[in-house]
DNA sequence: TCCAATAATCTCATTATAAGAGATTAAGGA
DNA sequence: TCCTTAATCTCTTATAATGAGATTATTGGA
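Residue numbers (the numbering used here), protein chains in the order written: chain A, 1 to 222; chain B, 223 to 444.
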């Protein structure tokens with residue numbers, strides 16, 4: 001009542017309706033928690049996502065090959081969300097379960113997506129996340145940032161050292177649909193495992209896998 | 223329009239509102255899919271569920287000890303839903319990811335829950351699922367079914383051979399809150415791995431783990 | 001490049017439905 | 001058992017959703 005400003009009978013009806021439809025469920029002590037419908041809807045979403053179906057074998061292959069976490073992150077315009085992840089490292093450098101939101105300002109994933117956006121769509125992001133981009137050393141001015149993104153575009157992968165999680169290296173390549181980035185494939189690996197040669201090898205594998213996923217997803221939902 | 227009987231402008235508004243709030247997202251070809259909000263809500267639900275937090279170490283321990291799938295299934299009165307699962311078998315006998323709904327009529331999980339319900343609440347279920355219960359050999363009459371459930375209650379675990387998935391053995395014990403079943407801990411293992419002695423050993427481990435989880439969850443959300 | 005056909009979006013009057021005040025019933029505590 | 005507090009219901013009023021139709025944007029074809 002305090003939070004939303006509604007009266008008791010109204011909220012009673014709201015909660016009853018949400019409860020009857022399974023979106024919330026009552027717990028002990030008169031509290032409420034998110035209910036079964038949420039869990040089921042996520043299951044449906046997971047099962048019907050062609051991107052996840054296509055990418056899973058690649059995640060399995062990559063995570064089996066290196067002690068790492070392999071993940072697919074979808075880009076929703078203003079935010080990024082991990083939608084699939086497989087970890088093979090005994091103690092993963094960082095945890096990225098499905099549903100974990102990610103900031104757009106730092107990390108290999110964000111950069112791999114920004115690098116493949118048309119200039120018109122990058123600029124607002126460059127401006128909005130200027131502070132982050134500067135503090136992780138991508139560039140102090142918009143021009144520097146754009147130049148860095150151009151290099152990422154040319155390389156086809158973005159690499160980041162400890163930008164999101166201290167001590168973790170991220171290697172990410174975009175997944176494109178009609179030339180437009182919709183998601184990113186990323187491998188995160190503990191810094192102590194990662195020398196230059198290994199990073200290069202993983203980079204080309206990630207780039208190639210992302211291209212394959214792009215090609216397979218292309219026009220999937222036409 | 224055909225399905226719901228609403229007009230074009232109404233559905234336009236519905237979809238726009240759902241899209242703006244992230245519950246659906248547009249895909250190629252003017253279609254829609256479940257959106258990021260669903261994924262995020264499931265993540266929140268997973269993170270805030272004390273049952274999952276308490277049970278996860280047990281799932282890890284059990285799945286590491288046997289080539290099996292270890293899962294927690296919540297009971298929502300009329301349906302059951304897997305909320306957490308860990309597989310250790312290379313080729314799991316059956317797949318139980320989070321969100322997968324389960325029928326109430328057959329299997330060790332259903333029986334482990336029914337066995338711990340007060341008679342008043344079991345009877346409607348016994349009636350509703352009479353056909354299933356008969357066909358898997360639990361009992362042909364209500365009395366037989368109740369007797370079988372009584373044995374499960376005494377043993378503290380339910381065991382089922384290939385009732386849900388052919389060739390898979392299910393071993394399940396209820397998780398109680400205030401003496402009332404809210405979920406079930408289950409181990410599924412391929413029939414070829416499972417001799418009588420192994421099933422007995424797993425049974426007592428499952429029963430004990432479920433009791434520990436019950437005790438730890440007890441009054442968690444008071 | 002323009003035009004036609006189709007789809008997407010908007011406006012506004014009407015109507016259905018949600019909100020809140022208050023009454024009623026159930027639950028918990030001394 | 002009574003009393004206090006919480007939960008649920010009823011009904012009127014006000015609000016917000018609906019759909020007809022108009023308008024604007026998109027797409028495909030000549």
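From the three backbone atoms N, C-alpha and C, an ideal C-beta is built for every residue, glycine too.
Check, Outcome
"Per DSSP, cross-strand counterpart(s) of residue 392 (chain B)", "B:382, B:410"
"Residue 222 (chain A) (DSSP reduced to helix, strand or coil)", "Confidence at residue 222 (chain A) is low in this model, with a pLDDT of 41, below 50, so the placement of that residue should be treated as unreliable; the coordinate-derived value is given next. It is coil, neither helix nor strand."
"Chain B contact residues for residue 63 (chain A), given Cβ-Cβ distances below 9 Å", "What residue 63 (chain A) touches in chain B: nothing, since even the nearest Cβ is about 15 Å away."
"Where residue 114 (chain A) falls: helix, strand or coil (DSSP)", "helix"
"Helix, strand or coil at residue 224 (chain A) [DSSP, three-state]", "Coverage of chain A is limited to positions 1 through 222, which leaves residue 224 (chain A) absent and any answer about it impossible."
"Complete runs of the alpha helix (DSSP H) confined to the segment 92–151 of chain A [at least 4 residues]", "108–114, 119–128, 130–135"
"Integer Cβ distance of residue 335 (chain B) from residue 248 (chain B), believed to fall under 8 Å", "Not a contact, Cβ separation roughly 40 Å."
"Delimiting residues of the alpha helix (DSSP H) encompassing residue 436 (chain B)", "418–439"
"Burial state of residue 104 (chain A) (16 or more Cβ within 10 Å)", "buried"
"Buried versus exposed call for residue 276 (chain B) [16 or more other C-beta atoms within 10 Å across all chains shown]", "buried"
"C-beta neighbour in chain B for residue 222 (chain A), strict 8 Å", "Note on residue 222 (chain A): pLDDT 41, under 50, position unreliable in the model; no value is reported."
"Residue 198 (chain A) CB to nearest heavy atom of the ligand MG below 7 Å", "Looking at this structure, you won't find the ligand MG or any other ligand, since it has none at all."
"Chain B contact for residue 33 (chain A) (CB, 8 Å cutoff)", "yes"
"Three-state secondary structure (DSSP) of residue 233 (chain B)", "helix"
"Bridge partner(s) assigned by DSSP for residue 181 (chain A)", "A:176"
"Short Cβ contact (8 Å threshold) for residue 52 (chain A) with residue 46 (chain A)", "yes"
"Closer than 8 Å to chain B by CB, residue 40 (chain A)", "yes"
"Proximity test, Cβ basis, 8 Å: residue 214 (chain A) and chain B", "no"
"Any C-beta of chain B under 8 Å from that of residue 45 (chain A)", "yes"
"DSSP beta-bridge partners of residue 295 (chain B)", "B:304, B:406"
"When A:132, A:178, A:37, A:90 are compared against residue 215 (chain A), the one with the closest alpha-carbon", "A:178"
"Residues, ordered as in the chain, of the segment 294–313 of chain B that lie near chain A by beta-carbon distance below 8 Å", "296, 298, 301, 303, 305"
"Start and end residues, alpha helix (DSSP H) containing residue 59 (chain A)", "50–65"
"Contact residues within the segment 335–356 of chain B, judged by C-beta distance below 9 Å to chain A", "none"
"Of the listed residues B:349, B:358, B:356, B:381, nearest to residue 418 (chain B) (C-alpha basis)", "B:381"
"Of the residues B:414, B:379, B:350, the one placed nearest residue 406 (chain B), counting alpha carbons only", "B:379"
"Chain A contacts made by the segment 226–254 of chain B, where a contact means CB separation under 8 Å", "244, 247, 249, 250, 251, 253"
"Chain-ordered chain B contacts of residue 36 (chain A) [CB-CB under 8 Å]", "296, 298, 301, 303"
"Beta-carbon separation (whole angstroms), residue 411 (chain B) vs residue 323 (chain B), contact threshold 8 Å", "At roughly 22 Å, the Cβ-Cβ gap does not stay under 8 Å, so residue 411 (chain B) and residue 323 (chain B) are not in contact."
"Residue 4 (chain A), DSSP secondary structure in three states", "coil"
"Chain A contact for residue 270 (chain B) (CB, 8 Å cutoff)", "yes"
"7 Å Cβ shell around residue 108 (chain A) - same chain, five flanking residues per side excluded", "158, 159, 160, 170, 171, 172, 186"
"Close-in-space but distant-in-sequence residues of the same chain around residue 122 (chain A) (CB under 6 Å, 5 per side omitted)", "114"
"Burial state of residue 428 (chain B) (16 or more Cβ within 10 Å)", "buried"
"Where residue 89 (chain A) falls: helix, strand or coil (DSSP)", "coil"
"Proximity test, Cβ basis, 8 Å: residue 203 (chain A) and chain B", "no"
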